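Listed in order, the protein sequences are those of chains A and B. The first sequence begins at 1 in the working numbering and counts up by one. The second sequence begins at 1 in the working numbering and counts up by one. To start, the structure itself, in structure tokens.
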Amino acid sequence: MDTESAYSGYSYYSGRSRGSHRHGERSRDRHKSRSKESSRSEKSVTINAPPAEPLLGDQSVRGEEVQDDNWGETTTAVTGTSEHSLSQEDIVRISKDLDDSVGLDCKRYLNVALSVILGLVVFLTPLAFLILPHLLWPDRLRACGTACEGLFISVAFKLLILLLAVWALFFRPPRAGLPRIFVFRALLATLVLLFVLSYWLFYGVRILDSQDEDYQGIVQYAVSLVDALLFIHYLAIVLLELRQLQPFFSLCVTRSTDGATQHYNLGQLSIQRAAVVILENYYKDFPVHNPALLAASKSRAAKHLAGLKVYNVDGPGENNAAAGIAQSQSRAMIAAAARRRDSSHNELYYEEAEHERRVRKRRARLVVAVEEAFTHIRRMQEEEQKKAPGDVMDPREAAQAIFPSMARALQKYLRTTRQQHLHSMESIQQHLAFSITNNMTPKAFLESYLTTGPTLQYGKDRWLARQWTLISEASVTSGLKDGSVFLLKCIDFSLVVTTKKIPYIQLAEEFIDPKSHKFMLRLQSETSV
Amino acid sequence: MDGDVEYEEITLERGNSGLGFSIAGGTDNPHIGDDPSIFITKIIAGGAAAQDGRLRYSNTPGKSVLCLISGCPDDHKDTSQSLNGLINIIYLINKLRKRYFA
Chain A
1 MDTESAYSGY SYYSGRSRGS HRHGERSRDR HKSRSKESSR SEKSVTINAP
51 PAEPLLGDQS VRGEEVQDDN WGETTTAVTG TSEHSLSQED IVRISKDLDD
101 SVGLDCKRYL NVALSVILGL VVFLTPLAFL ILPHLLWPDR LRACGTACEG
151 LFISVAFKLL ILLLAVWALF FRPPRAGLPR IFVFRALLAT LVLLFVLSYW
201 LFYGVRILDS QDEDYQGIVQ YAVSLVDALL FIHYLAIVLL ELRQLQPFFS
251 LCVTRSTDGA TQHYNLGQLS IQRAAVVILE NYYKDFPVHN PALLAASKSR
301 AAKHLAGLKV YNVDGPGENN AAAGIAQSQS RAMIAAAARR RDSSHNELYY
351 EEAEHERRVR KRRARLVVAV EEAFTHIRRM QEEEQKKAPG DVMDPREAAQ
401 AIFPSMARAL QKYLRTTRQQ HLHSMESIQQ HLAFSITNNM TPKAFLESYL
451 TTGPTLQYGK DRWLARQWTL ISEASVTSGL KDGSVFLLKC IDFSLVVTTK
501 KIPYIQLAEE FIDPKSHKFM LRLQSETSV
Chain B
1 MDGDVEYEEI TLERGNSGLG FSIAGGTDNP HIGDDPSIFI TKIIAGGAAA
51 QDGRLRYSNT PGKSVLCLIS GCPDDHKDTS QSLNGLINII YLINKLRKRY
101 FA
């Protein structure tokens, strides 16, 4: 890793003076030719290249054609590293796609089918109660009076309300597929089923068998069923939605690769539901996972014990002393490594200082280049639109027109901050067109490149980990408790979640009379003698 | 010497700009809480007290309280007048009160 950075540093320094000189020349040429025709031919052969290729791939092609000094930059091992990581992500993506298509879907469909059947049964039961007497013994049925017909209206409207309420609460697209059943929903479904069955039992025995003639009583029975169903729906709202609104636990989520931490306040949820909430918030709160930034510490760690070798001077011992020898060997290595005067902290300090300086310099160049690029286009006014339809461009063409002047600076900056695999040229141009359309300033356009945003900000294909594994010692349907720890693992990293209970807050009251605020001047208290 | 107080006797010669320190305190204007003693609050750089070096800046209970030979005064005006009136040599006793631990 050291040699790599040294090599690229050398080529950067040697190429820089020539490159900037040439860049200046080229920009002057571009300014001249801009008035005549669009500058797409100048230096931007790659703009018409296929859009899905990442920026770095294009740059290597460009480097061969245009500049010699750029050759050094584009063919160092840095290029190789990013290509490797890209291809690994591709493999991951392919395997993930395979996994997605099988298995989970039938569980989801089974759930949907069961709930639809239950809903139909529940909905049709009161109607069946009302219609069956008319079908089975219509002649013996006593005529329905006014009050009874009023109850028909009430049944109809209550059923309508129940239908709307069930649609609102239950028929939403599912957010996630949980590993175990959702306990509250299962309980409620069982309760509803038992309830409806008991009503049917009663109806069957007392009304169908005896062929009761009192139709008003039957209608009232059906109304009571619908009322009770509405109350069960109320219970469902309280159990599924309201109970976890009040915050009860504070969860601390740490990413294992780089230590990014967030805290969330959640109510009394089961572990799997808490995991879903955390993952939904993960995509918007955590900065995107960048494996390129972790390579440096790994190489440092490898160097720590690299130079030490342990020799067993006493000769081969017996078998039962082998474990003791191994232990003493490792202890000896640790002690020797601790005592060794290594200067890796020195290297780290200077490397970080140098990197910081380089990033800041490239950032300054980038900001200037983008500001200058944005001054080359302006929005056309209404009147001009009618008069001169000559050199008019839509946002995408305008973006393509000014992109070349900032492309190099932007790409260098992305490479220095190791973000180049997150942005493809197509996405940068799209973002540029978007910024131009919405009248954003250059600073607003640059914001998504200067700071690493959350994973949501990057394209959908960057959301590599949609398959998460929940690792927990306690059962995942059990509720959160103070001190419970669980892991959310995806392929590249894992999120470690610890729970703490929010303490009971005892608020006391103190009343201060507004008239009691009185002040006085201090007398000249010091005297010099 | 009392059990928990120390007296340090300092003799100062009046310089060009007076004795070179400021006092604060007194019964009508207590400097710290409800302690009516006179405290030394500032030592003017280059003055007679600074050059002597033994007089110390006091701002917390338990540090230097000013006492004269006639006793520890608790009236600001009288003390300042008497200190200003003295011409040449002044005997000051710097009373160090040790903190009381309850």
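The beta-carbon is built from N, C-alpha and C at its ideal position, and this holds for glycine as well. Here the structure is a predicted model, which means the values were calculated and not measured.
Starting from residue i, follow the beta strand (DSSP E) in both directions and report where the run begins and ends.
{"i": "residue 249 of chain A", "result": "249-255"}
{"i": "residue 455 of chain A", "result": "Run containing residue 455 of chain A: none; DSSP gives neither H nor E here."}
{"i": "residue 489 of chain A", "result": "485-489"}
{"i": "residue 265 of chain A", "result": "261-266"}
{"i": "residue 23 of chain B", "result": "21-25"}
{"i": "residue 158 of chain A", "result": "That residue, residue 158 of chain A, is in no beta strand (DSSP E); its alpha helix (DSSP H) goes 146-170."}
{"i": "residue 361 of chain A", "result": "Looking at the DSSP string, residue 361 of chain A is not in any beta strand (DSSP E); the run it does join, the alpha helix (DSSP H), is 344-374."}
{"i": "residue 470 of chain A", "result": "469-472"}
{"i": "residue 494 of chain A", "result": "494-501"}
{"i": "residue 40 of chain B", "result": "38-43"}
Using a Cβ-Cβ cut-off of 8 angstroms (strictly less than) and excluding sequence neighbours within five positions of residue i, which residues of its own chain qualify?
{"i": "residue 108 of chain A", "result": "174 and 177"}
{"i": "residue 21 of chain A", "result": "Low confidence applies here, because residue 21 of chain A scores a pLDDT of 43, under 50, leaving its location unreliable and the question unanswered by this model."}
{"i": "residue 35 of chain A", "result": "Only weak support exists for where residue 35 of chain A lies, its pLDDT of 40 falling under 50; the coordinates are left without a value."}
{"i": "residue 271 of chain A", "result": "470, 472, 474, 475, 476, 477, 478, 479, 480, 484 and 486"}
{"i": "residue 448 of chain A", "result": "431 and 457"}
{"i": "residue 446 of chain A", "result": "366, 367 and 370"}
Would you verify that the beta carbon of residue i is, or is not, closer than 9 angstroms to some beta carbon of chain A?
{"i": "residue 18 of chain B", "result": "yes"}
{"i": "residue 68 of chain B", "result": "no"}
{"i": "residue 27 of chain B", "result": "no"}
{"i": "residue 10 of chain B", "result": "no"}
{"i": "residue 22 of chain B", "result": "yes"}
{"i": "residue 80 of chain B", "result": "yes"}
Closer than 7 angstroms by C-beta to residue i: which residues in its own chain qualify, once you throw out the five before and the five after it? Chain order, please.
{"i": "residue 222 of chain A", "result": "126, 129, 130 and 155"}
{"i": "residue 229 of chain A", "result": "122 and 162"}
{"i": "residue 245 of chain A", "result": "267"}
{"i": "residue 73 of chain B", "result": "38 and 79"}
{"i": "residue 456 of chain A", "result": "283 and 284"}
{"i": "residue 113 of chain B", "result": "Summary: the structure shown does not reach residue 113 of chain B, with chain B confined to residues 1 through 102, and so no result is reported for it."}
Please classify residue i: is it buried, with 16 or more other beta-carbons within 10 angstroms of its beta-carbon, or exposed?
{"i": "residue 67 of chain B", "result": "buried"}
{"i": "residue 113 of chain A", "result": "exposed"}
{"i": "residue 481 of chain A", "result": "exposed"}
{"i": "residue 203 of chain A", "result": "buried"}
{"i": "residue 568 of chain A", "result": "Nothing can be reported for residue 568 of chain A: it is not among the residues displayed for chain A, which extend from 1 to 529."}
{"i": "residue 418 of chain A", "result": "buried"}
{"i": "residue 424 of chain A", "result": "buried"}
{"i": "residue 334 of chain A", "result": "exposed"}
{"i": "residue 167 of chain A", "result": "exposed"}
{"i": "residue 273 of chain A", "result": "buried"}
{"i": "residue 201 of chain A", "result": "exposed"}
{"i": "residue 301 of chain A", "result": "exposed"}
{"i": "residue 511 of chain A", "result": "exposed"}
{"i": "residue 20 of chain B", "result": "buried"}
What I want to know is whether the C-beta of residue i ends up closer than 8 angstroms to one or more non-hydrogen atoms of the ligand ADP.
{"i": "residue 158 of chain A", "result": "Absence of the ligand ADP is noted for the structure shown, with no ligands found whatsoever."}
If I follow the unbroken alpha helix (DSSP H) through residue i, where does it start and stop?
{"i": "residue 281 of chain A", "result": "271-285"}
{"i": "residue 428 of chain A", "result": "425-437"}
{"i": "residue 233 of chain A", "result": "215-237"}
{"i": "residue 193 of chain A", "result": "183-202"}
{"i": "residue 403 of chain A", "result": "395-416"}
{"i": "residue 303 of chain A", "result": "295-304"}
{"i": "residue 450 of chain A", "result": "442-450"}
{"i": "residue 50 of chain B", "result": "48-52"}
In chain order, what residues of the same chain lie with their CB nearer than 6 angstroms to the CB of residue i, ignoring the 5 residues before and after it?
{"i": "residue 144 of chain A", "result": "215"}
{"i": "residue 433 of chain A", "result": "395, 396 and 399"}
{"i": "residue 165 of chain A", "result": "233"}
{"i": "residue 292 of chain A", "result": "418"}
{"i": "residue 265 of chain A", "result": "247 and 250"}
{"i": "residue 42 of chain B", "result": "22"}
{"i": "residue 407 of chain A", "result": "none"}
From the beta carbon of residue i, is the nearest beta carbon of chain B less than 9 angstroms away?
{"i": "residue 526 of chain A", "result": "yes"}
{"i": "residue 529 of chain A", "result": "yes"}
{"i": "residue 363 of chain A", "result": "no"}
{"i": "residue 522 of chain A", "result": "yes"}
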